[in-house]
């Protein structure tokens with residue numbers, strides 16, 4: 001169905017920066033484009049917004065269609081509107097970022113049947129459009145966020161060791177943290193509940209498992225806190 | 001010039017929450033709508049994005065056209081995309097917030113010749129569209145921001161007293177602060193430069209004037225800091 005408007009208007013798209021963490025790296029989900037422009041180039045999952053869906057719904061639909069990813073923590077990032085960001089025509093993109101447990105999201109390129117893969121953030125291929133700028137913005141936002149809101153709920157398994165938690169922060173921040181200092185600061189937040197369990201099936205000495213106090217977590221997430229690391 | 005597209009697309013607008021501070025209140029700039037929908041209702045300055053301008057440029061153009069405001073500190077806030085937020089058709093709005101010195105921005109409804117006025121944030125009239133939600137989001141963002149970035153450069157005159165600075169924080173936060181504690185914390189940031197001058201033409205004992213150390217200000221603005229107030 002084609003449609004006529006009195007004045008020309010930009011096309012409106014959504015694009016998503018999905019972060020996942022594994023043992024080694026903080027990674028970003030990319031989709032290989034099948035069509036021009038930039039055919040064959042890696043890009044963020046995304047697409048055009050439909051009239052009958054909200055922006056959030058469009059982002060979730062694209063993640064589902066392009067990577068089979070559902071039920072993720074999703075937050076609006078920024079809206080990119082450079083006039084020439086798409087060589088075809090004026091396209092404004094509302095971007096989102098999401099955090100997922102990589103272990104639970106081995107991606108499959110879903111209905112759109114394109115290639116999908118995770119890339120370490122310090123080893124990204126050349127991306128289509130202005131998607132490198134969008135990824136940079138998302139990393140900056142995530143790094144800012146760890147200073148005033150808890151992260152980890154979406155990136156860690158339900159039960160985790162303090163070493164795993166520290167690794168989340170190190171991978172997001174991009175540098176190593178002092179173990180003793182980190183543990184002191186985390187303890188001070190009141191976020192952690194020590195479990196009466198240790199790791200199973202590990203070669204090294206089994207470490208204590210923890211979980212998040214969800215009430216405290218949601219409170220800190222909402223009100224913010226000061227985590228100087 | 002009318003134009004035909006293969007698929008229908010949302011219209012794209014920008015709307016701006018302009019904050020200004022005077023002796024009494026934190027205020028927001030509103031424009032009285034001249035046309036339907038919501039004719040006669042107060043609304044945020046804003047309008048449709050043109051194909052040849054960026055989103056930031058659209059926001060600045062609307063502020064200039066609707067309120068004669070130029071050269072303000074402007075930051076993108078959030079993009080609102082509820083399907084039914086405009087009764088005419090689907091309109092997605094990229095919103096901005098701005099901080100201005102009220103004394104320098106006595107508004108005039110400019111080229112569009114509509115009524116423009118400042119309203120205290122705790123005494124707003126009923127607004128058009130979802131503009132109350134947008135104002136709430138802007139206030140929340142501004143209140144969050146004062147905890148990790150300096151504010152004041154855009155809201156205060158070049159030389160100001162510590163009382164004036166404290167008032168900025170109190171008006172933004174919506175509650176009173178302990179004077180001694182506030183001054184201690186501000187001093188600790190290294191933001192202030194004490195001038196060899198005092199207030200002129202005041203009935204009370206003239207207070208010392210300060211200015212911001214711009215280098216420190218820009219650094220804290222960029223890197224963030226922890227200001228627990």
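Chains as they are written, first to last, in the UniProt record's numbering: chain A, 1 to 229; chain B, 1 to 229.
Every residue, glycine too, gets a C-beta built ideally from N, C-alpha and C.
Closer than 9 Å to chain A by CB, residue i
| i | result |
| --- | --- |
| residue 8 (chain B) | yes |
| residue 147 (chain B) | yes |
| residue 224 (chain B) | yes |
| residue 48 (chain B) | yes |
| residue 20 (chain B) | no |
| residue 5 (chain B) | yes |
| residue 217 (chain B) | no |
| residue 191 (chain B) | no |
| residue 152 (chain B) | no |
| residue 78 (chain B) | yes |
Residue from the options whose Cα sits closest to the Cα of residue i
| i | options | result |
| --- | --- | --- |
| residue 28 (chain A) | A:135, A:162, A:202 and A:217 | A:135 |
| residue 150 (chain B) | B:181, B:99, B:10 and B:34 | B:99 |
| residue 12 (chain B) | A:15, A:5, A:18 and A:207 | A:5 |
| residue 169 (chain A) | A:9, A:64 and A:23 | A:23 |
| residue 221 (chain A) | A:42, A:83 and A:145 | A:145 |
| residue 55 (chain A) | B:82, B:45 and B:43 | B:82 |
| residue 154 (chain A) | A:97, A:178, A:181 and A:64 | A:97 |
| residue 174 (chain B) | B:139, B:183 and B:87 | B:139 |
| residue 124 (chain B) | B:17, B:176 and B:77 | B:17 |
| residue 102 (chain A) | A:73, A:114 and A:8 | A:73 |
| residue 1 (chain A) | A:45, A:50 and A:84 | A:50 |
| residue 186 (chain B) | B:132, B:133, B:137 and B:152 | B:152 |
| residue 25 (chain A) | A:58, A:118 and A:71 | A:118 |
| residue 104 (chain B) | B:189, B:76, B:21 and B:14 | B:21 |
| residue 89 (chain A) | A:57, A:137, A:10 and A:65 | A:10 |
| residue 183 (chain B) | B:85, B:114, B:15 and B:227 | B:227 |
| residue 95 (chain A) | A:122, A:46 and A:71 | A:46 |
| residue 43 (chain B) | B:217, B:53, B:126 and B:91 | B:126 |
| residue 121 (chain B) | B:78, B:66 and B:133 | B:133 |
| residue 141 (chain A) | A:218, A:225 and A:78 | A:78 |
| residue 212 (chain B) | B:91, B:137, B:157 and B:71 | B:157 |
| residue 19 (chain B) | B:179, B:75, B:225 and B:219 | B:75 |
Interface flag, residue i vs chain B, CB-CB below 9 Å
| i | result |
| --- | --- |
| residue 56 (chain A) | yes |
| residue 177 (chain A) | no |
| residue 133 (chain A) | no |
| residue 119 (chain A) | no |
| residue 90 (chain A) | yes |
| residue 186 (chain A) | no |
| residue 94 (chain A) | yes |
| residue 82 (chain A) | yes |
| residue 173 (chain A) | no |
| residue 11 (chain A) | yes |
| residue 51 (chain A) | yes |
| residue 103 (chain A) | no |
Residues sharing a beta bridge with residue i, DSSP
| i | result |
| --- | --- |
| residue 141 (chain A) | Paired residues: none, contrary to the question. |
| residue 196 (chain B) | DSSP output for residue 196 (chain B) lists no bridge partner at all. |
| residue 79 (chain B) | B:94 |
| residue 32 (chain B) | B:42 |
| residue 11 (chain A) | A:91 |
| residue 208 (chain B) | B:198 |
| residue 67 (chain B) | Answer is none; residue 67 (chain B) lacks a bridge partner. |
| residue 215 (chain B) | None; residue 215 (chain B) has no bridge partner. |
| residue 117 (chain A) | A:30 |
| residue 160 (chain B) | B:210 |
| residue 48 (chain B) | B:13 |
| residue 19 (chain B) | B:28 and B:99 |
Burial state of residue i, where buried means 16 or more other Cβ atoms lie within 10 Å
| i | result |
| --- | --- |
| residue 143 (chain A) | exposed |
| residue 223 (chain B) | exposed |
| residue 128 (chain A) | buried |
| residue 192 (chain B) | buried |
| residue 62 (chain A) | buried |
| residue 60 (chain A) | buried |
| residue 204 (chain B) | exposed |
| residue 198 (chain A) | exposed |
| residue 87 (chain A) | exposed |
| residue 7 (chain A) | exposed |
| residue 167 (chain A) | buried |
| residue 3 (chain A) | exposed |
| residue 171 (chain A) | buried |
| residue 15 (chain A) | buried |
| residue 66 (chain A) | buried |
| residue 116 (chain A) | buried |
| residue 58 (chain A) | buried |
Proximal chain E residues relative to residue i, where beta-carbon distance stays under 9 Å
| i | result |
| --- | --- |
| residue 144 (chain B) | Annotation note: the requested chain E is absent from the structure, which comprises protein chains A and B. |
So, does the region 161 to 179 of chain A touch the region 205 to 216 of chain A, judging by three or more C-beta pairs under 8 Å? yes
Is it the case that the region 32 to 49 of chain A contacts the region 30 to 38 of chain B, given that we only count it when at least three CB pairs across the two stretches are under 8 Å? Taking 8 Å as the limit for Cβ pairs, the verdict is that the region 32 to 49 of chain A does not touch the region 30 to 38 of chain B.
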